[in-house]
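Following: one structure in structure tokens, then a few remarks.
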Amino acid sequence: MQFSISESFHSFTASSLTLVIVSILVTESDCDGFQRWKRQEEEIVIEEDVIGQICDFGTATLINSCSWTVPNNSHPTVRWRVAQGSQEFWLGGPGRDHTLLDTSGGYAYFETSYQQPQQSPFSSGRWSQDNGNLKQSNGSGVYSSGHGIKNNRHPSPSYSSSSSSSSKSDEIIRPLITNFPLFQIDKEFSRNKIPVPDFSLFQSVNISDTGPQGLCMSFFYIIDGLSTDSLQVLLMDMKSNYNRTLIEFNDITDEQWKKSEILYTYADVHKIAFKANAKKLSDPERSFRGYIAIDDIEFKQIEPKILNKEVESCKGHCTFEAGLCAWSNQDDDDDFDWKVGRGSQNLFTGPTRDFSSFGNNEISGGYVYIDSAYPRRPGDRAQLLSPIMNPTSDNMPLCLKFAVHMYGNGVGSLRVLIRYASGDETIPDQLLWEMSGESGNSWHVAQVPISSPVLSYQIVFEGEIGSNSLGVIALDNIAFNEDECPDRIQRNGDCTFDENMCFWTNPGPFHRLDDFDWLRQFSLGTIEPRYDHTKRSTEGYFINLSGDQPHRGGTRAWLLSPEFVPQSTVPKCMTFQYYMFERTIDSAGPSLGSLRIYVKTITDNGDEVSLIWRLNNHQGQRWRKAKIPILIGQDLQPPLQNYQIIIEGIWGDGRVGTIALDDISFYNGNCTTYPPKAMAVFGECAFDRDLCGYRNQSGKAQSANNLPSKATHLERNKNPNRISISKDSITWKLATATNRPANLQDHTFRAPIGYVYFDVFNQNQIQYPILRSPEFQPKEDIGRCVSFWFTPFGRGDSTVLSVYVITSDSKDGSNQLSEDGGEDGAQNNGNPKASKGQSNGSQGLETKTLVWRITTRKLESIKPEWIYAQVSVAMETPYRIQFEGEAMDGGFALDDITYYEGSCRTRPIEAAVAVPIEPAETELRE
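Residues -31 to -1, 1 to 895 (mature numbering (1 follows the signal peptide of the UniProt record, and there is no 0)) make up the sequence shown, in order.
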């Protein structure tokens, strides 16, 4: 049977309309659904068909929502849907599902964007507008109109169609199989009628109690886009409407599916719900497209018969409601065992109940504990061992989270150790985390990053008895998830900044390393960031680049880590959250500043600083993840000496914004730099502090057949292709606040300093300043693209800038650089000295090949503007890049030199070398 609502519907009130818009066309099967809802008001119906099933949301034309639904009172458009990757650019969601990794597989997603309607987007075609009402042709020349929502699944009450398919009112909307447009809200109807929510729920069927063993729930998720906020997994009690958050995710996953597992127990009928949260409507980023998606949802019952065996589902997770799960007590090498309990028998020790029920007025739950009462003695140890865990990924460690309760004035210590399955019993356990002393009669959540990219391992909880018999240490809700997380105890360089600076320090003024300080602070609410990353609240702390007083562009602040001691050849990975937001960007471009990470190695010959990560200017109005392998040198190896990490913040010309950091963490693993554009490249230089290993070499070397008549610095040798070079010449110089070209800001972030230049004015002869790079090692079958920014200035119309490739026939590979005391790579303005190129001052032969050349005749030099340049270099032997000027009345400036793997087209095209230039050999004269 089928019926439609009559036109008299228009006389209903707005609230009545809200109740019925969920479904208008009703079939006989739909009536069954209405009856079922009515029964649920009287008694809770338990449907456990989710247990043991994987919901992959189907494929192709068979996509479906399994048994997952949206609540009946959900907004008609701002809600979860099921779709597939082929609809990515039309409706939203990721381009591929997780199950099939293609465009046909299904998934569930929530489009987080919403833009306030301003006017009807339809002015032609099948749609028309009449007195604020939308009309749609049904293909037969018949139009329907009225106040309400137009949609194929839930059409307006005044719209009828004999060809529309039926739907249960609580089903997820499936735009894939529709032939009609998406929801469009009539202008008059939408005004203050249906509030637009900031979230949407996607819920399971009713599930009975889990039993003491619990359910293991696993799923994959993606969070992407400016308008997204977070994804929560909720446990919803069906009798009391009580909701508990089981887990929450806030970070963008950059279109990559991430896995999560949750082991939970509950003693009553409940549902599991995914709550997708969008930015607030008042947030300008809410109008930008974004989505939160899930796929491959699975529930597994943990059977009692396999409780003490190793299983892959929720491996290592335990709530201790039914025993130790797959954890076990150490057989020997300790003094006693951990026990399972449900509440302390002593008023002055131990928890009153387990972590999940603590403070929630629940009576179910257990935990594992050690008690210092008789017959225990001070110093006794008990070890609890996890199952053997698989090696972690280089790019993704595990985050171990657990609840800990340490109460009683005789409490000793709790340690978290990692035991590698190397087969060598002489290798000691490695300490990851430690806490000592009483922490009050409350449960606390702790977290520890776990990484072992080579070997399998076990996690060991070691409890030690304290000074007297009044002390209990309890553990509960142990869980592992793929994620980076800073150590909550804040050791080994990890820091959330909620308690203190964790031994990260600003250098003192007497060191003369920077200009101002990083500040630890909480959010002021009105100034970005509006909350920290750890707690996502105004109560959390982070570090911020000080903006309390005016700073000129180019001023910098350093933050030094504790000293690290290399413990293995496996590199460390540093992760943190950064916030780089510029409130206003003028027509000249972004000018916020820069965030950089250096490694300072501590050697007998002094300190050496290596850049490993850098990011410039505005990156967005949210916290974003960074990841850096601690590798230095051209061959990218872990430091062999003790080292420190330097966090450098530099203000640009704008200084109207925020550069902030939070949640610093370190773990073992050769991770991939993230974001990729932040990866530092050997040989690159922004010239903000020094020449980065580039060296001045005075003089000019060119073909003997093309010598200028006034080349007093050049002497023809007997070999017509060999030229002698003296040192007396103009050099490239770093721009300073008092010595720089007029009205020229640097390219990086428009600071008044931060580039290198040469200028020649009123000279009687042509000057040839030369700037030479460090030596590059060739890569087999891989070329290199040299890119840089340049600008000409001055009155001369024949000023020239050239790029040469320099190779040497000397056996030791020395670069033959002059030691004339000019501004070179050793200049560091009081910083720890930078790495130098080799120079022995001895004579040697070099071959130079011209690859790029431009003159000011082809450029506008009256008003200097930065111009992008690039050129390919392909060499089979070690080489250097040489920037060479030629001028009598003018100059050039350079900035932001960097290198990319692979070839590239020469830019600008005017600089292309059409005919190969015969290489010339040069010889350095002392």
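Using N, Cα and C, we set each Cβ at its ideal position, and we do this for glycine too.
field: Closest Cα partner of D456 within the set H587, G335, A342 and P366
entry: It is P366.
query: Should G626 be labelled buried (16 or more other beta-carbon atoms within 10 Å of its own) or exposed?
result: Under this definition G626 is a buried residue.
query: Would you call the segment 714 to 730 and the segment 754 to 769 touching, i.e. three or more CB-CB distances under 8 Å?
result: Contact holds: three or more Cβ-Cβ distances are below 8 Å.
task: For the segment 337 to 346 and the segment 437 to 452, state whether three or more C-beta atom pairs, one from each stretch, are separated by less than 8 Å.
output: Verdict: yes, contact present.
- request: Look at the Cβ atom of P418, then the Cβ atom of S556, and state whether they are nearer than 7 Å.
  value: No; because the gap between Cβ atoms is not below 7 Å, this pair is not in contact.
task: State the Cα-Cα distance for the pair E394 and W296, rounded to the nearest angstrom.
output: Roughly 20 Å separates the two Cα atoms.
query: Alpha carbon to alpha carbon, how far is N712 from A242?
result: When rounded, the distance between both Cα atoms is 59 Å.
- prompt: Within 6 Å: the Cβ of T524 and any heavy atom of the ligand SAM?
  reply: With respect to small molecules bound, the structure shown includes none, and the ligand SAM cannot be examined in it.
Close-in-space but distant-in-sequence residues of the same chain around S421 (CB under 6 Å, 5 per side omitted): Around S421: P360 and T361.
Proximity winner among P535, E577 and G652, relative to N603 (alpha-carbon distances): Note that residue 603 is Gln in the sequence shown, not Asn. If we check each option's Cα against that of Q603, G652 comes out closest.
- prompt: Which whole-angstrom value is the C-beta distance of A262 and I191, which I expect to be below 8 Å?
  reply: By a beta-carbon distance limit of 8 Å, A262 contacts I191. Their separation comes to about 5 Å.
message: Within 10 Å of its beta-carbon, does R481 have 16 or more other beta-carbons around it, so buried, or fewer, so exposed?
response: R481 comes out exposed.
task: Using three-state DSSP, classify residue 914 as helix, strand or coil.
output: Outside the shown range of the chain, which is -31 to 895, sits residue 914, and nothing can be said about it.
- request: Using beta-carbon positions only, say whether T28 and G64 come within less than 7 Å of one another.
  value: Not a contact, by the Cβ cut-off of 7 Å.
field: Collapsed DSSP secondary structure at K817 in the structure displayed
entry: Three-state result, K817: strand.
Cα-Cα separation, T875 to Y869: Inter-residue distance for T875 and Y869 is about 13 Å (C-alpha atoms, whole angstroms).
- prompt: If you draw a straight line from the C-alpha of D193 to the C-alpha of F305, how long is it?
  reply: Whole-angstrom Cα-Cα distance: 49 Å.
message: Taking DSSP's pairing of strands, which residues face G618 in a bridge?
response: Paired residues: A526 and L564.
query: So what's E879 in DSSP terms, helix, strand or just coil?
result: Three-state result, E879: helix.
task: Examine the Cβ distances between the segment 641 to 648 and the segment 853 to 860 and report whether three or more of them are shorter than 8 Å.
output: Contact between the segment 641 to 648 and the segment 853 to 860 is absent, because fewer than three Cβ pairs lie under 8 Å.
- request: Ignoring anything shorter than 3 residues or poking outside the segment 333 to 415, list the beta strand (DSSP E) runs there in chain order.
  value: Runs found: 336 to 340, 350 to 354, 367 to 376, 382 to 389 and 399 to 405.
Distance, I628 Cα to N665 Cα: Taking C-alpha positions only, N665 is separated from I628 by approximately 34 Å.
field: CA-to-CA distance, V769 to residue 896, given in whole angstroms
entry: The chain is shown from -31 up to 895; residue 896 falls before or after that span and cannot be answered.
Three-pair Cβ contact test at 8 Å for the segment 523 to 542 versus the segment 468 to 487: Verdict: yes, contact present.
Residue(s) in a DSSP beta bridge with A862: The partner list for A862 (beta bridge, DSSP) reads Y726 and T760.
task: Mind checking which residues open and close the beta strand (DSSP E) that includes D445?
output: That run of the beta strand (DSSP E) goes V441 to E451.
query: Do you know how far the Cα of V568 is from the Cα of M470?
result: So the alpha carbons of these two residues sit roughly 19 Å apart.
query: Which same chain residues, not among the five before or five after L354, have their C-beta less than 7 Å away from its C-beta?
result: Sequence-distant Cβ neighbours of L354 in its own chain, meaning closer than 7 Å and more than five residues away, are W296, S297, Q299, Q427 and V429.
task: For Q714, name the three-state secondary structure that DSSP assigns.
output: Reduced to three states, the DSSP call for Q714 is coil.
When I434, D467 and D363 are compared against L424, the one with the closest alpha-carbon: Ranking the options by Cα distance to L424, first place goes to D363.
query: So what's F218 in DSSP terms, helix, strand or just coil?
result: The three-state secondary structure of F218, taken from DSSP, is strand.
message: Given a cut-off of 7 Å on the beta-carbon distance, is the pair G259 and L200 in contact?
response: No, they are not a contact pair.
Three-state class that DSSP yields for H286 in the structure shown: Of the three classes helix, strand and coil, the one that applies to H286 here is coil, per DSSP.
- prompt: Beta-carbon separation of residue 899 and S251 under 7 Å?
  reply: Shown here, the chain extends from -31 to 895; a query on residue 899 therefore has no answer.
- prompt: Relative to the C-alpha of G509, which residue among D632, S563, P607 and I614 is closest?
  reply: It is D632 whose Cα lies nearest to the Cα of G509.
query: Where does the unbroken beta strand (DSSP E) through Q839 begin, and where does it stop?
result: Start and end: I836 to V842.
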